[in-house]
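A quick write-up on the structure given underneath.
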Ligand SMILES: [Zn+2]
């Protein structure tokens, strides 16, 4: 007796395909799959061409959304794409995380260059603080995207980044000195 793995209908007259789908579900799923594949391919094309980081992340998220939808088929052993939606998702999440990480390094580098060129200690500290703020913000972004197992690696990577930036540390020290000075000799004007 044939039983459809998707709609659950069963009958001795029901014929199912290699994915255990009845003809009605097979055509519905095929249609859904074609729509999603079209959007995934479009997004991949945009990812290849864009130089805008926000667009890049947005398109990765679009693909991830559709992969999550395709995973419901995978859970019922219905084959859709190769690599499987869950494998593809894993690869893409890893890639996304790397991109965010690289972007942080790049953005922090830009700010630190500005800090080096800063004319006054105050402007240098401002830039150094901007870098710290950026790292803190983006690190949260990384965490929200990643599974617990990945948290540690990136946390360590970012902490290294933070501590390796001797520049940031030296400016924070300057800032601390400045604050101490202010606390000892408060200005009343
Ligand atoms: Zn069915």
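Residue numbers (the numbering used here): 10 to 198.
For glycine and all other residues, C-beta sits at the position ideal for the given N, C-alpha and C.
Bounds of the alpha helix (DSSP H) holding residue 57 are 32-58.
By the CB criterion at 9 Å, residue 14 and residue 36 fall outside the cutoff.
Counting other Cβ atoms within 10 Å of its Cβ, residue 26 stays below 16 and is therefore classed as exposed. In the structure shown, residue 11 adopts extended strand secondary structure according to DSSP, grouped into three states. In terms of Cβ geometry, residue 98 and residue 76 form a close pair [threshold 9 Å].
DSSP links residue 20 through a beta bridge to 11. Rounded to the nearest angstrom, the gap between the Cα atoms of residue 61 and residue 132 is 28 Å.
Around the beta-carbon of residue 69, 16 or more other beta-carbon atoms lie within 10 Å, marking it buried. For residue 18, the shortest separation between its Cβ and any heavy atom of ligand 1 lies below 8 Å. The alpha-carbon of residue 43 is positioned some 43 Å away from that of residue 142.
When distances are taken from the beta-carbon of residue 30 to the heavy atoms of ligand 1, the shortest one is below 8 Å. Here residue 100 has 92 as same chain residues with Cβ atoms under 8 Å from its own Cβ, once five neighbours each way along the sequence are excluded. When secondary structure is reduced to three states using DSSP, residue 99 falls in the helix class. Within its own chain, the residues whose Cβ lies closer than 7 Å to the Cβ of residue 48, once the five positions on either side in sequence are excluded, are 71, 75, listed in chain order. Per the coordinates, the alpha-carbon of residue 113 lies some 18 Å from the alpha-carbon of residue 59. Of the residues assessed, residue 21 falls on the exposed side of the cut-off, its CB having fewer than 16 other CB atoms within 10 angstroms.
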